[in-house]
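Numbering-wise, this note's numbering puts 64 at position 56 of the sequence shown, and it's gapless, one number per residue. For every residue, glycine included, the Cβ atom is placed at its ideal position computed from N, Cα and C. See structure below.
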Amino acid sequence: MENLSWIQKHDEIFFKNSFSKEDIVYLLSLEGQEEIEFLRQRAYDIATKESGEKVSLRGIIEFSNICSRNCCYCGIRKDAKSVKRYLLSREEIIEIAQKAAVSGYGSVVLQSGERNDEEFIKYVIDVVKGIKDRTKSEKLPEGLGITLSVGEQTEKTYKKFYDAGAHRYLLRIETSDKKFFSKIHPPDQKYDNRLNCLRMLKKIGYQVGTGVMIGIPGQTIDQLASDVLFFRDIDADMIGMGPYIVSQSSLMSSKGMMEKKSLLLLSLKMISATRVVLKDVNIASTTALEAISEDGREKGILFGANVVMPNLSPVDVKSDYLLYEGKPGMEEGSDEYNTDLIQRIRLSGREILFDDWGDSKHFKRRKCLNII
Ligand code: 5AD
9 MENLSWIQKH DEIFFKNSFS KEDIVYLLSL EGQEEIEFLR QRAYDIATKE SGEKVSLRGI
69 IEFSNICSRN CCYCGIRKDA KSVKRYLLSR EEIIEIAQKA AVSGYGSVVL QSGERNDEEF
129 IKYVIDVVKG IKDRTKSEKL PEGLGITLSV GEQTEKTYKK FYDAGAHRYL LRIETSDKKF
189 FSKIHPPDQK YDNRLNCLRM LKKIGYQVGT GVMIGIPGQT IDQLASDVLF FRDIDADMIG
249 MGPYIVSQSS LMSSKGMMEK KSLLLLSLKM ISATRVVLKD VNIASTTALE AISEDGREKG
309 ILFGANVVMP NLSPVDVKSD YLLYEGKPGM EEGSDEYNTD LIQRIRLSGR EILFDDWGDS
369 KHFKRRKCLN II
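Okay, here's the thing in structure tokens:
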């Protein structure tokens, strides 16, 4: 009898088109193996139907760890004195991108600490233009797709980056709960500004990605359910989420941390719930998943993600971009590690989409409907 009511409820909730916060809390609270498997399978089916059978690649280039911000959770925050700071040269970044394009990556993500000075802005513009100019080929007539992830900037700056050739932008909200946001950020960082940045990015025409950290001490299931609704309401095209992991250089202690197994499961359920609710967005299976479980990124794909972001940063700077402890592949050359990662994704049953920007279906649909 109990079983019957579970199946009825599962049919009612999993196949909905419109979800309430309570529905999402229900999904995130599923505990039984069979129930979680239903959720995973539903999310996987939607991912393959809506975003295609193949997993998209984004080569991530962490081009600088110099940062003007002091986010409490982050290992490369401005005041983390033990961090050796670096900025890759323009030529170095372009060469990495060229090599990526030749190897079949359709797009790259350029990520760095946040800086708002003119020199940095000009630098990013030059790098974006350089990559665009020098990665055009028969396979990629417009060059590599470029996603930027360089934090909060002014609308004018976002526009300049866009005009230079970047067409996607990642800016995590970290948590959609305004009060909680102010607990994990210093007072100079405002929730409203972050939100406004996301709106500006959309207005300019970017495909916009956002996301949250999962399992931050003090965070509730209710807040995570609201995060999913936030992604839906802001009409995000891409989502990147991962478990919160302690960093020695951060300001937050490990008190109240979830143990790894539950943290992994909650993160995977967040991916599935987001897929079930948002359907046609790109969802990344993030590196942080692999930091807490060897096959975390394959699991992310099996729970409904459709993007992986192999790290293309040079091995000599990789370990200086330690946002959190346990980041995988720090000692190995990027090539070896990524070949293995791609192989692991394949073994988990999915092919890889090469030589394609891998734009989000959600964005394409918005464009067709002339909503943008
Ligand atoms: N644990 C997990 N994710 C982190 N990030 C920063 N610090 C941590 C941490 N300690 C994530 C943030 C940021 C992204 C670049 O990395 O969500 O937006």
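Contact check for F362 against G114 passes: the beta carbons are separated by less than 8 Å. Between the C-alpha atoms of K187 and M265 there is a straight-line separation of about 19 Å. Judged by DSSP secondary structure, L36 falls within the alpha helix (DSSP H) whose first and last residues are 29-37. For T294, no alpha helix (DSSP H) segment is defined, and its DSSP state is neither H nor E. If you draw a straight line from the Cα of S270 to the Cα of R142, it comes to about 45 Å. With 16 or more other CB atoms across the displayed protein chains lying within 10 angstroms of its CB, G308 is buried. Closest option to V91, judged by alpha-carbon separation, among S97, C75, I104: C75.
Boundaries for V220: no alpha helix (DSSP H) harbours it, and the DSSP string shows neither H nor E there. Scanning its chain for C-beta atoms nearer than 7 Å, with the 5 sequence neighbours on each side dropped, one finds around L232 the residues L36, I222, M278, in chain order. For C75, the shortest C-beta to heavy atom distance toward the ligand 5AD is 7 Å or greater. Residue environment for N204: exposed (fewer than 16 other C-beta atoms within 10 angstroms of its C-beta). Secondary structure of T155 (DSSP, three-state): strand.
Pairing G248 with A281 gives a Cβ-Cβ distance that is not under 8 Å. Here the C-alpha atom of D200 lies approximately 26 Å from the C-alpha atom of T294. The beta carbon of L331 sits closer than 7 Å to at least one heavy atom of the ligand 5AD. Relative to the ligand 5AD, the beta carbon of M221 is positioned inside 7 Å of a heavy atom. Within a 10 Å sphere around the beta-carbon of R176 sit 16 or more other beta-carbons, which makes this residue buried. Of the residues F71, V315, I69, K86, the one whose Cα lies closest to the Cα of R77 is K86. Secondary structure in the segment 23-91: the alpha helix (DSSP H) runs of 4 residues or longer, each lying completely within the stretch, are 29-37, 41-59 in chain order.
For Y131, the enclosing alpha helix (DSSP H) covers residues 126-142. Straight-line measurement puts the Cα of S261 at about 39 Å from the Cα of K369. When the beta-carbon positions are compared, L320 and I69 come within less than 8 Å of each other. Around the beta carbon of V110, fewer than 16 other beta carbons sit within 10 angstroms, so the residue counts as exposed.
If you ignore the 5 residues before and after I192, its C-beta comes within less than 6 Å of the C-beta of C80, Y81, all in its own chain and listed in chain order. Around the Cβ of F311, a 10 Å sphere holds 16 or more other Cβ atoms; the residue is buried. Excluding its 5 nearest sequence neighbours in each direction, E333 has C-beta neighbours in its own chain below 7 Å: I253, V254, S255, Q256, listed in chain order.
Set against 7 Å, the gap from the CB of E182 to the closest heavy atom of the ligand 5AD is smaller. Nearest to A55 by alpha-carbon distance, out of P318, N290, L355, is N290.
Between S301 and L272, the gap from beta carbon to beta carbon is short of 8 Å. In this structure, the alpha-carbon of M246 lies about 16 Å from that of T183. Listed in chain order, the non-local C-beta contacts of E306 below 7 Å within the same chain comprise R352, I353, S356, local neighbours out to five positions each way being set aside. Here the alpha carbons of S258 and G226 stand approximately 16 Å from one another.
Taking C-alpha positions only, G213 is separated from I129 by approximately 19 Å.
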